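Here the structure comes first, spelled out in structure tokens, and everything after it is commentary.
Residue numbers (the numbering used here): 196 to 488.
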């Protein structure tokens with residue numbers, strides 16, 4: 196799933212490619228991806244992209260329509276687990292036909308360039324919204340602070356974790372608590388912090404909170420820096436290459452050489468290094484949620 200660093204990089208790539216271009220057509224190939232209906236997608240026709248940005252893991256393209264007193268629209272996308280954005284210098288003029296393939300949405304500019312939103316797999320979760328205010332998107336309205344915003348301080352994180360008798364892994368992934376961190380970067384953050392994913396959030400000392408805060412920001416900024424200047428087509432490979440434990444079960448930890456292990460859940464899995472994070476002991480499964488003794 197694209198997380199904060201990848202969405203930040205997608206926004207930067209589109210800032211270079213799409214800003215100033217006039218929209219020719221916005222069309223869905225999978226009707227379920229469109230979550231809003233007022234204004235209709237036709238309201239984008241003739242509008243100009245004036246900026247691109249991000250809210251957590253939501254990508255936001257701002258378009259301004261001519262002759263409406265400077266009013267703007269926000270085309271917002273959540274790529275979910277299997278979604279991706281594919282830029283093309285030339286797209287067919289005819290709208291896409293609904294079908295069973297990966298294509299979910301297409302934005303074509305008047306000059307013929309544009310991008311497709313695609314989603315792999317059979318469970319379609321990719322979402323597209325067209326709104327006049329980003330806060331009209333329920334997922335954005337419920338977001339916690341962005342970890343790269345100044346308001347995300349050590350004191351804020353300490354207050355967030357205080358009294359939470361839940362696993363730190365779950366807190367890091369909770370978009371209502373902290374915006375933008377998902378399964379992959381929560382694994383990476385906890386590995387860098389040398390912390391068990393099953394550690395209770397409320398059990399962290401002040402020094403541990405300060406260290407975790409530093410690692411969160413450092414991990415995300417490092418990932419963004421690695422992706423700087425890359426096109427959308429190169430971001431997936433870069434992310435995979437830059438991960439140290441996530442997606443690397445069975446491989447040696449790049450820090451200590453121990454074998455990266457995994458805990459599986461119903462619809463996801465976490466990866467960690469026992470030597471770096473759990474005192475060398477393997478983690479129990481999700482039903483036990485504690486270290487094996």
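Yeah, the Cβ is synthetic: ideal placement off N, Cα and C, and Gly gets one too. What you are looking at is a predicted structure, and each value in this text was computed from that prediction instead of being measured.
- Counting along the chain, the unbroken beta strand (DSSP E) around residue 273 starts and ends at 267-273.
- Within the stretch 403-454, the runs of alpha helix (DSSP H) that reach at least 4 residues and sit entirely inside it are, in chain order, 427-437.
- Counted as a single uninterrupted DSSP element, the beta strand (DSSP E) harbouring residue 283 occupies residues 278-283.
- Its chain contains 228, 229, 272 and 300 as the residues whose beta carbon lies nearer than 6 Å to that of residue 323, once the 5 sequence neighbours on both sides are disregarded; these appear in chain order.
- Going by DSSP, residue 314 is part of the beta strand (DSSP E) stretching over 309-314.
- With respect to the C-alpha of residue 288, the residue from 275, 258 and 306 having the closest C-alpha is 306.
- The beta carbon of residue 279 is closer than 6 Å to those of 313 in its chain, skipping five residues each way along the sequence.
- The three-state secondary structure of residue 332, taken from DSSP, is coil.
- When the five nearest sequence neighbours on each side are left out, the beta carbons in the same chain lying within less than 7 Å of the beta carbon of residue 320 are those of 275 and 276, in order along the chain.
- In the structure shown, residue 391 falls within a coil segment according to DSSP collapsed to helix, strand and coil.
- Beyond the five residues adjoining it in sequence on each side, residue 404 comes within less than 7 Å, by CB distance, of 349, 352, 353 and 356 in the same chain, given in chain order.
- Shown here, residue 237 sits in a helix according to DSSP, grouped into three states.
- With fewer than 16 other Cβ atoms inside 10 Å of its own Cβ, residue 477 counts as exposed.
- Judged by DSSP in its simplified three-state form, residue 218 adopts strand.
- In this structure, DSSP gives residue 301 an extended state, which the three-state scheme calls strand.
- Excluding its 5 nearest sequence neighbours in each direction, residue 245 has C-beta neighbours in its own chain below 6 Å: 257 and 259, listed in chain order.
- For residue 255, the uninterrupted beta strand (DSSP E) segment begins and ends at 253-259.
- DSSP, read as helix, strand or coil, puts residue 370 in coil.
- Comparing alpha-carbon positions, the option among 464, 472, 236 and 377 lying closest to residue 325 turns out to be 236.
- Its chain contains 384, 387 and 388 as the residues whose beta carbon lies nearer than 6 Å to that of residue 410, once the 5 sequence neighbours on both sides are disregarded; these appear in chain order.
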